[in-house]
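Step one of this worksheet: look at the structure below.
Residue numbers (this note's numbering): 3 to 437.
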């Protein structure tokens, strides 16, 4: 590093960012080659197991093995080239057999040279698996089509002449008797680098097509439940609109159950549907890069994908949007139910307060009545005590008019008792108001 740049502050990921664009280079494929591509769904644990299995392949073939896993690894074992690419949720293997034997198409494939039993022990779930036969073109167009049709077991073919007729590609987009798909590429005037890019795009189109369709069975599985929930929600909403008498607790429980089912489906499908959209966009991009010309009598790959793949992807998108719409509608219906319950509770509270107010007034009237009885009762006992005291004084020889004293004392005692009870009552009222 020169003195002028040694003091600059470089981002620690700068080198990785530069390298990212070169991490998956296109292959260089000669005009005679047999390619097998396999895409395998993997968990993180299976990915580590697969890397150890790749190291085992190197040992079986007597080659030094890689020590560290990378996103794209490629190695030549003589006439066999092995390429492994690690993606977000799957790993892909490309086996290229460069042996130029005169075997019939698909009699030998990219995996023919692998050690016996190695591929069968590959960990993971295979989604895409297909062979690509690459050959030079030596005949006219009509003879080529007749030659290529013989090796697709009578299946209907889809194909085109990509890159403005520089090659011819045919495939069935179906599984054949060996449980692999098949494509044939006849090279007219492409270089080995151009042919490698064409084959790479073809492998990516087929792999991403299959990965994008993984969401379709899930969408079909969810749809009947969505129809059922949609019907129940429509019934509940109509009942609310008609202001019918409903069991609010039961309706809220049912809405909660529907919301829980929707969230469960969203948890299962959100990633899968998002991945489908991403894979579909990649397929469309690769199709544009092919620059296809039509082969007479055959659908082009772009026409086939547009007619069959795009509706499947739209179905998945529609189910995802329907889940979101149902979730919003359940939220709105739940809000309406809660508002209805709150209004009912407020009405009940108002009735309860009115009832409590009536009881308070009755209780106050009873309290005043009891206070009157209390004045009489307390005055009676006090006068009785006074009478006993006066009797004692008379018996002790003190002369006075007892009847007169009692007559004067009765109203005085009753007034004093009444004033005392009222004072205590007002004190309690002031204490209650301060609280």
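Ideal placement from N, C-alpha and C gives every residue a C-beta, glycine not left out.
Treat the numbers as computed from the prediction; the structure is a model and nothing was measured.
- Around the beta carbon of residue 164, 16 or more other beta carbons lie within 10 angstroms, which makes this residue buried.
- Bridge pairing for residue 138: 189 [DSSP].
- If you compare the alpha carbons of 421, 386, 220, 332 with that of residue 233, the shortest gap goes to 332.
- Its Cα nearest to that of residue 299, the residue 162 stands out among 162, 167, 183.
- Residue 112 is a Cβ neighbour of residue 37, given a cutoff of 7 Å.
- Rounded to the nearest whole angstrom, the CA to CA distance from residue 58 to residue 93 is 17 Å.
- Taking the C-beta atoms as reference points, residue 321 is found nearer than 7 Å to residue 221.
- In this structure, DSSP gives residue 99 an extended state, which the three-state scheme calls strand.
- Per DSSP, the beta bridge partners of residue 87 are 74, 94.
- For the 7 Å CB-CB criterion, residue 108 and residue 208 do not form a contact.
- Under the three-state reduction of DSSP output, residue 259 falls in the helix class.
- Residue 34 sits close to residue 102, with the two beta carbons spaced by under 7 Å.
- Residue 23 is classed as exposed because its beta carbon has fewer than 16 other beta carbons within 10 Å across all chains shown.
- When DSSP states are grouped into helix, strand and coil, residue 282 belongs to the helix group.
- Between residue 28 and residue 183 a beta carbon distance of about 21 Å is seen, past the 8 Å cut, so the two are scored as non-contacting.
- DSSP places residue 323 within a helical segment (H, G or I) once states are collapsed to three.
- Looking at 211, 63, 123, the one whose alpha-carbon comes closest to that of residue 283 is 211.
- The stretch 143 to 231 is shown to contain whole beta strand (DSSP E) runs of 3 or more residues at 160 to 163, 169 to 173, 183 to 189, in chain order.
- Counting every other CB atom within 10 Å of its CB across the protein chains shown gives residue 229 a total below 16, marking it as exposed.
- Less than 7 Å separates the beta-carbon of residue 420 from that of residue 377.
- Under the three-state reduction of DSSP output, residue 295 falls in the strand class.
- Your pair residue 268 and residue 231 does not check out as a contact, with CB atoms roughly 12 Å apart and the cut at 8 Å.
- Contact check for residue 88 against residue 214 fails: the beta carbons are separated by 7 Å or more.
- A check of alpha carbon separations from residue 192 across 334, 204, 169 identifies 169 as the nearest.
- Its chain contains 408, 411, 412, 415 as the residues whose beta carbon lies nearer than 8 Å to that of residue 385, once the 5 sequence neighbours on both sides are disregarded; these appear in chain order.
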